[in-house]
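The next block holds one structure in the form of structure tokens; read it before the comments.
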Amino acid sequence: MVSRADDWFRQAVKDLNHAKKSIELKDYEWACFAAHQAAEKAVKALYQKLGIEVWGYSVSRMLMSLPVEHRPSMQLVDKAKELDRHYIPTRYPNFHTEGAPLDYYTENDAVRAVRYAEEIIEYCRSKIF
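Residue numbers (the numbering used here): 1 to 129.
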């Protein structure tokens, strides 16, 4: 399998930058979603570097499924679990009993999501490069 780790990682960084810009625009739901996407792509970059195929969208599951010598702390996995909770509700009004996603996300949520994505990206960077 040809490694596309660099492509996945570059896109992770781009998605993280998008999340940060979304905070500036007060698009907090999109910041949370983009933070999830950034973390997901960074973890997929690590899998690419290891030559292991992985499918799915759960950042926490992918981190926990890494070979033991590459597995992060449970603290980082718990942060990934929070990011996983932003995958669907940030985008679909029918996830909520009323209102739209924009009604449910705050600046604090977005800032925390970006910080967690940054930590996951840095973890993956340390294993890839």
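Cβ coordinates follow ideal geometry from the N, Cα and C atoms, glycine included.
Can you tell me the Cα-Cα spacing of residue i and residue j, whole angstroms?
i	j	result
Pro-67	Ala-45	14 angstroms
Tyr-28	Ala-113	10 angstroms
Gly-51	Glu-98	44 angstroms
Met-102	Lys-49	At residue 102 the sequence reads Leu, which differs from the Met that was named. Rounded to the nearest angstrom, the two C-alpha atoms are 36 angstroms apart.
Lys-14	Ser-126	18 angstroms
Which residues in the same chain as residue i place their Cβ atom closer than 7 angstroms to its Cβ, once the five residues preceding and following it in sequence are excluded?
i	result
Val-54	Lys-44, Tyr-47, Met-62
Phe-33	His-86, Thr-90, Arg-91
Put residue i into one of helix, strand or coil per three-state DSSP.
i	result
Arg-91	coil
Ala-34	helix
Can you name the start and end residues of the alpha helix (DSSP H) that residue i belongs to?
i	result
Asp-78	74 to 84
Glu-122	107 to 128
Trp-8	5 to 24
So, for residue i: in the same chain, excluding its five sequence neighbours on each side, which residues have a beta-carbon less than 8 angstroms away from its beta-carbon?
i	result
Ser-22	Tyr-28, Trp-30, Ala-31, Ala-34, Ala-110
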